Amino acid sequence: MGFLIVVRRIEIDYKAPAGEGDEKMALKTISIDSVRDYEGERVTICGWLTHKRSSGRIRFLILRDGTGIIQATLFKGETSDSAFDLYPELTQESSLSVTGELRKEDRAPGGYEILVSEMEIFHIAETYPISPKEHGIGFLMDHRHLWLRSSRQQAILRVRHSVIKAARRFFDDQGFTLLDAPILTPSSCEGTTTLFETDYFEDTKAFLSQSGQLYMEAGAMAFGKVYCCGPTFRAEKSKTRRHLTEFWMIEPEVAFADLKMVMDLAEAMIITIVQEVLKTRQAELHILERDIARLEQIRAPFYVISYDEAIEFLKDAGESIPWGEDFGGGHETIISNRFDRPVLIHRYPTETKAFYMKNDPDRSEVALCVDMLAPEGYGEIIGGGQREDDSEILKTKIEKTGLPPESFDWYLGLRRYGSVPHAGFGLGIERMVAWMCGLEHVRETIPFPRLIDRLYP
RNA sequence: UCCCCAGUAGCUCAGUUGGCAGAGCAGAUGGCUGUUAACCAUCGAGUCCGCGGUUCGAGUCCGUGCUGGGGAGCCA
6 MGFLIVVRRI EIDYKAPAGE GDEKMALKTI SIDSVRDYEG ERVTICGWLT HKRSSGRIRF
66 LILRDGTGII QATLFKGETS DSAFDLYPEL TQESSLSVTG ELRKEDRAPG GYEILVSEME
126 IFHIAETYPI SPKEHGIGFL MDHRHLWLRS SRQQAILRVR HSVIKAARRF FDDQGFTLLD
186 APILTPSSCE GTTTLFETDY FEDTKAFLSQ SGQLYMEAGA MAFGKVYCCG PTFRAEKSKT
246 RRHLTEFWMI EPEVAFADLK MVMDLAEAMI ITIVQEVLKT RQAELHILER DIARLEQIRA
306 PFYVISYDEA IEFLKDAGES IPWGEDFGGG HETIISNRFD RPVLIHRYPT ETKAFYMKND
366 PDRSEVALCV DMLAPEGYGE IIGGGQREDD SEILKTKIEK TGLPPESFDW YLGLRRYGSV
426 PHAGFGLGIE RMVAWMCGLE HVRETIPFPR LIDRLYP
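For what it's worth, this note's numbering labels the leading residue of the first sequence as 6, then goes sequentially.
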């Protein structure tokens, strides 16, 4: 199959041996997304069969190759008998190549069809479990390795690609250095109850990273502006539409930056991502039936409110939430539904936030932190803020958490050698993609989702 | 961890008051020269999730376990 990929990527000018008449014409293997460039030419297309129909002496194949779909048409008499007679054998997802003239055809899905003269079968598929009719989510998740072949799943994962590409380009263009954070770590950075633990040779335990942030802080002290993009792991027993046990984050960290600066950075990054998705993924958003107008509204400035103001807002909405408590999913939905653009909520109570958050020097009961809630009820997509840069205060905060202090010697050390104000945030890729695509659940936004009760396939 | 719902053909589901196990799709066979989730005809397909109980009789009622889905809390 590796050979096939090469053939599809490189257009091969095939010269038939002399003396074979019509077969001397050039033969090109093309991808379906490039059919417009080959109208009227004799070409070869490799792909998988998604569907077939027949009506007596005319037979239709719908092929997909990962770049699109095309109808291949077989006429008794015009198509070679050997190719025509292969039709009954073809099952859904069988792999094959077809060769023939490419032409415009309004009756064909996609507007083009290939009039097949020759056909080659790579493999006849067994009865394919995923039929064109509806399936339950449990069944589809069990067949995730095959479900990826559906147009809807491909559309979502292409949007994911664009989200990551846009975010990385945004930071690259602003002079950030990509600094990969470790996956295996000696300790927690959020809390010990949600760590995946594994053996690390004799007598040592390692933990799967919950966040690259602490390492990004070290990186910011070296490079000034850094970011990481990678998987993170939380052993939370969450069973909701917005949780995975393995999820990806993009985490920038900036030296000599304060809360306001990273709030502006987060806003600019989100706008860049939304613009990139709107620019490059119109076809995918259409397949997903996304209301594009809702995304076109996403522009500066985003709404900015304090935690105090959010509490007042929730009380006005009839919710009884005391000051000092973190918002639940329901509260977030109420707030984010209120706005047509993302809203940044800053200065949460210190008690609800992680140890590394810096307290507001003017009000020690609140932290210099920020969450960004996406509109349409999508809720929190970003969490971040200014980090505690005082060694002694940080040490006290770590002791208060009950986390093993010796694991954080290196982290505290960052504050002993030229400590500076610094800040950063983390963007949850899957929640961002779910918002862009208008999905109910994040499980479709990652190729192989890991959930509390699902580790397969 | 807690609350709610579901489990019947490969898939999606129906199954009445407890009384012979059903449909559509998928699969197989045949027909049709422009199909669009094509259509028409025919055929095959079942540990009714497991265990226990009530009953002359259980897919249906009761108990229990397992699996899946939805929600809460926690978080990105």
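Here a beta-carbon is modelled for each residue, glycine too, at the ideal position from N, C-alpha and C. All of these numbers come straight from a predicted model, not from anything done at the bench.
**OP:** Report the three-state DSSP secondary structure of Pro-134 (helix, strand or coil).
**Re:** Coil.
Subject >> Simplified DSSP assignment, three categories, for Thr-96 >> reply: Collapsing the DSSP output to three states places Thr-96 in coil.
Original post:
How would you call Leu-349, buried or exposed, if buried means at least 16 neighbouring beta carbons within 10 angstroms?
Top reply: Counting Cβ neighbours within 10 Å, Leu-349 comes out buried, since at least 16 surround it.
Subject >> Cβ-based burial, Leu-460 [other Cβ within 10 Å; buried from 16] >> reply: Exposed, because fewer than 16 other Cβ atoms sit within 10 Å of the Cβ of Leu-460.
**OP:** List in chain order: all unbroken alpha helix (DSSP H) runs of 4+ residues lying wholly within the stretch 267–311.
**Re:** Entirely contained in the stretch 267–311, the alpha helix (DSSP H) runs reaching 4 residues are, in chain order, 287–292, 297–301.
**OP:** Starting from the Cα of Tyr-220, find the closest Cα among Lys-210, Ala-211, Tyr-232, Thr-209 and give me that residue.
**Re:** The residue among Lys-210, Ala-211, Tyr-232, Thr-209 with its C-alpha nearest the C-alpha of Tyr-220 is Tyr-232.
Original post:
What is the DSSP secondary structure of Tyr-232, reduced to helix, strand or coil?
Top reply: Here Tyr-232 sits in strand by DSSP.
Subject >> Reduced DSSP category for Ile-142 - H, G, I as helix; E, B as strand; rest coil >> reply: If DSSP states are grouped into helix, strand and coil, Ile-142 belongs with the helices.
Original post:
Contact between the stretch 103–121 and the stretch 69–78: three or more CB pairs below 8 Å?
Top reply: Counting C-beta pairs with one atom in each stretch, the stretch 103–121 and the stretch 69–78 have three or more that are closer than 8 Å, which means they touch.
Original post:
With DSSP run on the structure shown, which of helix, strand or coil describes Gln-218?
Top reply: Correct three-state label for Gln-218: helix.
Original post:
Taking the C-alpha atoms as reference points, what is the distance between His-515 and Leu-101?
Top reply: Because the chain here runs from 6 to 462, residue 515 falls outside it and cannot be looked at.
Subject >> Cross-strand partners of Arg-468 (DSSP beta bridge) >> reply: For the chain, the structure presents residues 6 to 462; residue 468 sits outside this window and is missing.
Subject >> Those residues which DSSP pairs with Pro-354 across a bridge >> reply: Answer by DSSP bridge pairing, in chain order: Val-371.
Original post:
Beta-carbon separation of Met-437 and Leu-300 under 8 Å?
Top reply: Taking 8 Å as the Cβ cut-off, Met-437 and Leu-300 do not qualify as a contacting pair.
Original post:
Quick one: Cα of Val-121 to Cα of Ile-67, how far?
Top reply: Going by C-alpha positions, Val-121 is about 12 Å away from Ile-67.
Original post:
DSSP three-state call for Asp-178: helix, strand or coil?
Top reply: Asp-178 carries a helical assignment under DSSP once its states are collapsed to helix, strand and coil.
**OP:** On a CA-only basis, which of Met-362, Pro-93, Pro-347 is nearest Tyr-353? Give me that one, please.
**Re:** For the set Met-362, Pro-93, Pro-347, the Cα lying nearest the Cα of Tyr-353 is the one of Met-362.
Original post:
Can you tell me the Cα-Cα spacing of Thr-237 and Phe-127, whole angstroms?
Top reply: Cα to Cα, Thr-237 sits roughly 39 Å from Phe-127.
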